[in-house]
Each structure stands twice: as C-alpha cells, then as structure tokens.
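All remarks here apply to the structure that follows.
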Amino acid sequence: MTILTRDTGIRIRTGRSVDPAIIGPSVVLLTMLATYAALSPHFLTFSNFSNVLVQAAPLVILATGQTFVVLIGGLDLSQGSIVSLVSVVTAAVMMNHGIEVAILAGLGSGTCVGVLNGFLVGRLGLQPFIVTLGMLYMVAGVALVLSEGSAIFGLPQPDVETFFWFGGGKIGFLPVPLIIAVLVVLGARHVLGSRVLGRHTYAVGSNASVAALSGVDVRRTRMWVFLISALLASLAGFLLSGRVISGQPLLGAGDLLLQSIGAVIIGGTSIFGGRGGVLRTVLGVLVIAFMVNGLNLLAISTFTQQVIIGAIIVFSAWLNTLGKTRA
Numbered sequence: 001m002t003i004l005t006r007d008t009g010i011r012i013r014t015g016r017s018v019d020p021a022i023i024g025p026s027v028v029l030l031t032m033l034a035t036y037a038a039l040s041p042h043f044l045t046f047s048n049f050s051n052v053l054v055q056a057a058p059l060v061i062l063a064t065g066q067t068f069v070v071l072i073g074g075l076d077l078s079q080g081s082i083v084s085l086v087s088v089v090t091a092a093v094m095m096n097h098g099i100e101v102a103i104l105a106g107l108g109s110g111t112c113v114g115v116l117n118g119f120l121v122g123r124l125g126l127q128p129f130i131v132t133l134g135m136l137y138m139v140a141g142v143a144l145v146l147s148e149g150s151a152i153f154g155l156p157q158p159d160v161e162t163f164f165w166f167g168g169g170k171i172g173f174l175p176v177p178l179i180i181a182v183l184v185v186l187g188a189r190h191v192l193g194s195r196v197l198g199r200h201t202y203a204v205g206s207n208a209s210v211a212a213l214s215g216v217d218v219r220r221t222r223m224w225v226f227l228i229s230a231l232l233a234s235l236a237g238f239l240l241s242g243r244v245i246s247g248q249p250l251l252g253a254g255d256l257l258l259q260s261i262g263a264v265i266i267g268g269t270s271i272f273g274g275r276g277g278v279l280r281t282v283l284g285v286l287v288i289a290f291m292v293n294g295l296n297l298l299a300i301s302t303f304t305q306q307v308i309i310g311a312i313i314v315f316s317a318w319l320n321t322l323g324k325t326r327a
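Counting from 1, position 183 in the sequence shown corresponds to residue 183 in full-length UniProt numbering; the numbering is continuous, with no gaps.
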C-alpha cells in the first residue's frame, strides 16, 4: 500500500499489503526446501530446522540493521568488525568486572562505532561506503590489539553460564537467540512502518534532496540509521560470543558481513534505497541459511556454495535494477 506521508508529503510504500518483491525469493526458498527434503532424509527434521534457525538468528539481527542503511541508499561495511570488537570487549571486561558490566561495555563499544559512522556520514557528509570501509579496518585492528591477536578463554563462573544462555540457551523449548531475533524484527518493522524515523528513512532513500525540501532532517536520519545498524551488529556479536563462550577477535571476519548484505539484496530491498523492509530481509536470510544447510547435508563443498550464493546475489541485484528502471 502506498501512502502520502503527513509530515513530508512524500509517497512511500508501507509494506502492509502483499509485497510482490517477495515472490521470487519465496519460490526459491520453497523449491530448495522441496529439493533438499527429497535428497536428504535428515533435512525435514525438527532438530535440523531448529539448528538452522538458531544459527541464523544473529544474521537476522545483523541484516536487519543493514536493511536500515540500504534503505537510505548506503552500505555499512563495519558490521563484521563491530561483531569482533564486541566479542573481545565483552570477554575482556567479564574477566574482571562480571557479566553486567561486560554487557554494557560490549554493546557500548559497538554502538560508539555507529555514533562515529553517523557523525561522519550525517554531519560531515562523507560517503557511507568510504567511511564504513575505513571503520572496517580500524575497528578490526582495535579488536586485534585489545586481544593481542588471541581468543579470550577461561571466563569466570557463573558469568560464563549466563553468557552462554544468551547465545545458546532456551526459554521452554524456544531458543533464546531466536526469541531475540523475532523481537528485533518486530521492533524494526514497527519503526519502519509506523514511526517518524521509518518514514524519513524511506524518504531519504527515495530522494534525499526532495526529502530535505519537504522538511526531513536528512543528516539526523542518517545518523540514527547508522546508530541502529551498529547497535544491532553489537547485539549480534554478543549473541555469537555467548554461543562460543569466548572473546574472538576474528568472529566477524569472513562471510558474516557479506551474508548480511546478501540477505538484504536477496530479500528484494532495493540497493538504490527507498524500497524494501525487514520482512524481505528475513526471507533473504532464510534463503541463505537453508541453502547452506542443505548443501552441507549433501556434502557439497564450501567453494561450490560460495559460487551459488554469489550467483543468487547477482541475480537479485539484477532484479533490483530492473525494478528501478521500471519505476
């Protein structure tokens, strides 16, 4: 459904009606599920689906933050390094000050990166790609310096049990990381669909100049978007660290950042900004998560998996471009 925003006069998509952009990823996901179920007897089991969803929960949180940035037409390349920084800071502080202070320090350190990103992009007007690329290296370096390049093990009891509960515990039969991911998605959808910040995010992504002329504080919106991205990356880093109950300076390295961006693109959020949402992103995460899981069950090499995921991302970007051209 398209509405005319009361405070900006800009038409945006609220995402409350059936979204045609999810048809393609949905077909891909359902086809994969049917194919893997036919090829592997271990795929359609409760334990397998539960493991996939638990493992995908931090990526859902990370990609939700990335969605905000993509909606304004940018990218946050610092997310992976924030995950590593939060892991190291949380574990290091926990060694001497306990879990409560460690949580505040870990999440606070990652959030500070978002504040700096937002200031450089929003207030100084620097390009998001350049700023977050620089932060990728800087923050990753800080994580390595703080940990001296080694993992931080031997966390004290009973803090380590509480730490693991966030990353691998359960409430009843529901995994804690999955509950947190669902709450994050619902909160993000509420912000994007019903709050002023959400409307301004879509407006800036659609046309920043028009948004500014319509009364939107473009700089402030960009600052908030990068703050949200960093905060959610910090939360994802905390959950991942809890799962491995240690501080890992390379926890956010590798495919995590690329999967975060890939999930947003595969889900159908426009790389040009202004169109998309978190439910699309969740669908993109599920495509990646179940694809990797099914290929692992079929003993397909990780090299082949990278080729397949890359091809799907390129195809999704092409569809995004076609949609932009039609618009």
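The beta carbon of each residue, even a glycine, is placed where N, CA and C say it ideally should be.
Check	Outcome
Span of the alpha helix (DSSP H) holding Pro-177?	176-194
With DSSP as the reference, label Arg-6 as helix, strand or coil.	Because Arg-6 carries a pLDDT of 39, less than 50, the predicted location of this residue cannot be relied on, and the following value inherits that uncertainty. If DSSP states are grouped into helix, strand and coil, Arg-6 belongs with coil.
Shortest alpha-carbon distance to Ile-22 belongs to which of Ser-301, Val-314, Thr-269?	Thr-269
Figure out for me which residue from Leu-213, Arg-243, Val-145 has the closest Cα to the Cα of residue 328.	Nothing can be reported for residue 328: it is not among the residues displayed for the chain, which extend from 1 to 327.
So, at 6 Å on beta carbons, what are the nonlocal neighbours of His-200 in its own chain, with the 5 sequence-adjacent residues on each side left out?	Val-216, Thr-221
Give a yes or no on contact between the region 92-104 and the region 266-282, applying the rule of three or more CB pairs nearer than 8 Å.	no
Could you give the distance in angstroms between the alpha-carbon of Leu-177 and the alpha-carbon of Ser-47?	Reading off the sequence, residue 177 comes out as Pro, not Leu. Taking the straight line from one Cα to the other gives about 16 Å.
Keeping to the same chain, check which residues put their C-beta closer than 8 Å to that of Ile-99; ignore five residues upstream and five downstream.	Asp-159, Thr-162, Phe-163
State the Cα-Cα distance for the pair Leu-297 and Met-32, rounded to the nearest angstrom.	13 Å
Hey, quick one: how far does the alpha helix (DSSP H) through Gly-172 stretch, first residue to last?	Careful: Gly-172 lies outside any alpha helix (DSSP H) and carries neither H nor E.
Does DSSP put Gly-73 in a helix, in a strand, or in coil?	coil
Residues bridged to Gly-247 by DSSP?	Ile-152
What would DSSP say about Gln-157, mapped onto helix, strand or coil?	coil
If distances are taken between C-alpha atoms only, which option among Thr-45, Gly-134, Val-52, Ala-211 comes closest to Gln-79?	Gly-134
Can you name the start and end residues of the alpha helix (DSSP H) that Ser-84 belongs to?	79-118
Quick one: residues in its chain with C-beta nearer than 8 Å to the C-beta of Thr-35, no 5 flanking neighbours on either side, listed in chain order?	Gly-294
What separation, rounded to the nearest whole angstrom, lies between the Cα atoms of Val-287 and Gln-55?	13 Å
Taking the Cβ atom as the reference point for each residue, do Gly-247 and Ile-152 lie within a distance shorter than 8 Å?	yes
For Gly-149, tell me which candidate among Ser-26, Gly-267, Ser-84, Pro-25 has the shortest Cα-Cα distance.	Ser-84
For the 8 Å Cβ check, are there 3 or more pairs between the region 186-195 and the region 112-131?	no
So which of Pro-25, His-97, Pro-249 has the shortest CA-CA distance to Ser-81?	Pro-249
Hey, could you find the ends of the alpha helix (DSSP H) Gly-267 is sitting in?	256-267
Between the beta-carbon of Ile-271 and the beta-carbon of Ile-313, is there less than 8 Å?	no
Could you tell me the distance, in whole angstroms, from the CA atom of Ala-91 to the CA atom of Leu-155?	7 Å
Grab me the residues of Leu-116's own chain with a C-beta within less than 8 Å of its C-beta, minus the 5 sequence neighbours each way, in chain order.	Met-135
Can you check whether the CB of Thr-111 is closer than 8 Å to the CB of Ser-26?	no
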